[in-house]
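Student: Mind looking over this structure? Questions follow.
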Amino acid sequence: MGVALLAGPANVIMELARPGVGYGVLESRVESGRADRHPIKRARTTFTYLAVARRGTDAQKKAYSRAVSGSHAQVYSTPDSPVEYNAFDKDLQLWVAACLYKGGVDVYRIFIGEMDDETADKFYWEARTLATTLQVPEHMWPADRRAFDRYWQESLEKVHID
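So this is what it looks like as structure tokens:
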């Protein structure tokens, strides 16, 4: 887990670069989860999510999803928000999950080396739970790594930092 901490800041920047995610975090009504006010708690919550989504039982995933959904219910744009967003937006959740997967691949590559195809396919398949543990239906997770690469390139067109 220590190595994963090194990828955290870069991953957060990638996630927040989608305006719907960035403004959702900036304008969040969930005081206890605000990264700008409680960065350690926010990091702990994210690492717990990663552990539950990747290795938790179905019951643990459902319980964690319910807890996150309670917080996400309070995260939505107002008429004064610069962009429209909602924390239940499946496209935004897919983006966050894709960033988490991409960050995991980068950490592996930097500290261990390139994955062989079998390892990369397994890692990719297991990463789908980073999306499906919340509201993203499994069919939205790109079917394979090639499809993910297309999704990633297309999604970069939606990245914008004010």
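In my numbering, the protein residues as written are 1164 to 1325.
Think of the CB as a built atom: it goes at the ideal place given N, C-alpha and C, for glycine as much as any other residue.
Can you round the beta-carbon distance between V1184 and V1259 to whole angstroms, since I take them to be within the 8 Å contact cut?
Tutor: 6 Å
Student: Give the secondary structure of Y1287 by DSSP, where H, G and I count as helix, E and B as strand, and everything else as coil.
Tutor: helix
Student: At what residue ranges does the region 1171 to 1232 contain a whole run of the alpha helix (DSSP H), taking only runs of 4 or more?
Tutor: Whole alpha helix (DSSP H) segments, 4+ residues: 1182 to 1189, 1202 to 1218.
Student: Beta carbon of S1228, beta carbon of T1295: below 7 Å?
Tutor: no
Student: Of the choices D1280, G1266, E1281, whose alpha-carbon is the least far from that of F1274?
Tutor: G1266
Student: Apply the 10 Å Cβ neighbour rule to G1187 and answer buried if 16 or more other Cβ atoms are within range, or exposed otherwise.
Tutor: buried
Student: For Y1239, name the three-state secondary structure that DSSP assigns.
Tutor: strand
Student: Quick one, which of K1224, T1292, R1192 has its alpha-carbon nearest T1241's?
Tutor: R1192
Student: Give me the Cα-Cα distance between R1181 and E1277, rounded to the nearest whole angstrom.
Tutor: 28 Å
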